[in-house]
Amino acid sequence: LNPWGMIRHGRVLEDLDALAGNVVFKHCSAGRDPEDLLLVTASIDRVVLSHRPNLKDDIVLNGKVSWTGSSSAEIYMTATSTWTEKPWLSALFTFVARSKSTGRAIKINPLKIETPED
Numbered sequence: 059l060n061p062w063g064m065i066r067h068g069r070v071l072e073d074l075d076a077l078a079g080n081v082v083f084k085h086c087s088a089g090r091d092p093e094d095l096l097l098v099t100a101s102i103d104r105v106v107l108s109h110r111p112n113l114k115d116d117i118v119l120n121g122k123v124s125w126t127g128s129s130s131a132e133i134y135m136t137a138t139s140t141w142t143e144k145p146w147l148s149a150l151f152t153f154v155a156r157s158k159s160t161g162r163a164i165k166i167n168p169l170k171i172e173t174p175e176d
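In our numbering, the protein residues as written are 59 to 176.
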């Protein structure tokens, strides 16, 4: 919270970025040695603030991989209050995968669609 009792949106985006990094790391490191894997936030796009959050409730952050390219991935992130399913903030985070040893782009795991919800 800021001194006026309002939420600091920059801090929420920072937390969403950290969680998106964990989501993309889990996706990219499956079936490989993650030691040479370096994931970098390339962009944050389509940030939508639909309404003010209720600060009396806990805030729940969620994320999932929504698209993959050859060396990049898009993570759809949301922030919701515990009293509703509708997110009050959503954003798309794009990450690129690099090799720690060479600094060049490396291939990441493709997105597997397993259920209709995916």
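Note that the Cβ used here is the ideal one computed from N, Cα and C, for glycine as well.
- Every unbroken stretch of the beta strand (DSSP E) spanning 3 or more residues and falling wholly within the stretch 90 to 162 is given here in chain order: 95 to 107, 117 to 126, 130 to 139, 147 to 157.
- A straight-line Cα-Cα distance of about 26 Å links D73 and D91.
- Within 10 angstroms of the beta-carbon of M135 lie 16 or more other beta-carbons, which makes it buried.
- V98 and A76 have their C-alpha atoms spaced approximately 11 Å apart.
- Cβ neighbours of K144 within its own chain (closer than 8 Å, five residues either side excluded): S108, T138.
- Per DSSP, A88 lies in no alpha helix (DSSP H) and is assigned neither H nor E.
- Secondary structure of N167 (DSSP, three-state): coil.
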